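Undergrad: Residue numbers (the working numbering): 1 to 119.
Spelled out as structure tokens, the structure:
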């Protein structure tokens, strides 16, 4: 019985209900450049893209609520300021694409944009 308790205690916090079956959804990933001005800033299993334009930065998708901090960290790791993110774009209103947008909006002050059907 004690061995089972020790194993549970060392396993860390339980996964979120959304990521329980998909641990890669919350696993950190290093950000990287995809093409000129286009960067991957998501987790290992959920994509978020940063697009640099003369008008400022655009962030496409925000992952799960618990992904917001990792996405913000990746943006900063690339040398960008969170305050330079001008728009948050939501590709569609599934929780694994939109869940982190409220926190990212608070962190960046960016305008949130979604298609008419997803508002």
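Just so it is clear, CB atoms sit at the ideal spot from N, CA and C, and this is done for glycine as well. Only a predicted model underlies this, so the values are computations on that prediction, with no experimental measurement involved.
Straight-line CA distance for residue 14 to residue 22?
TA: Model confidence at residue 14 stands at a pLDDT of 45, short of 50, so the residue's coordinates are unreliable; what they give is reported in the following sentence. Taking the straight line from one Cα to the other gives about 12 Å.
Undergrad: Looking only at its own chain, which residues have a Cβ that is under 7 Å from the Cβ of residue 71, when we skip the five neighbours before and after it?
TA: Hits under 7 Å: 41, 42, 48, 62, 63, 100 and 104.
Undergrad: Pick from 26, 44, 28 and 54: whose alpha carbon is nearest that of residue 36?
TA: Residue 36 has its Cα closest to that of 54, out of 26, 44, 28 and 54.
Undergrad: Which two residues bound the contiguous beta strand (DSSP E) that contains residue 52?
TA: Start and end: 49–53.
Undergrad: Does the beta-carbon of residue 17 have 16 or more other beta-carbons within 10 angstroms, so that it is buried, or is it exposed?
TA: Exposed is the call here.
Undergrad: On the CB-based measure, 16 or more other CB atoms within 10 Å of its CB, does residue 94 come out buried or exposed?
TA: With fewer than 16 other Cβ atoms within 10 Å, it is exposed.
Undergrad: Of the choices 108, 73, 66 and 86, whose alpha-carbon is the least far from that of residue 96?
TA: Cα-wise, what sits closest to residue 96 is 66.
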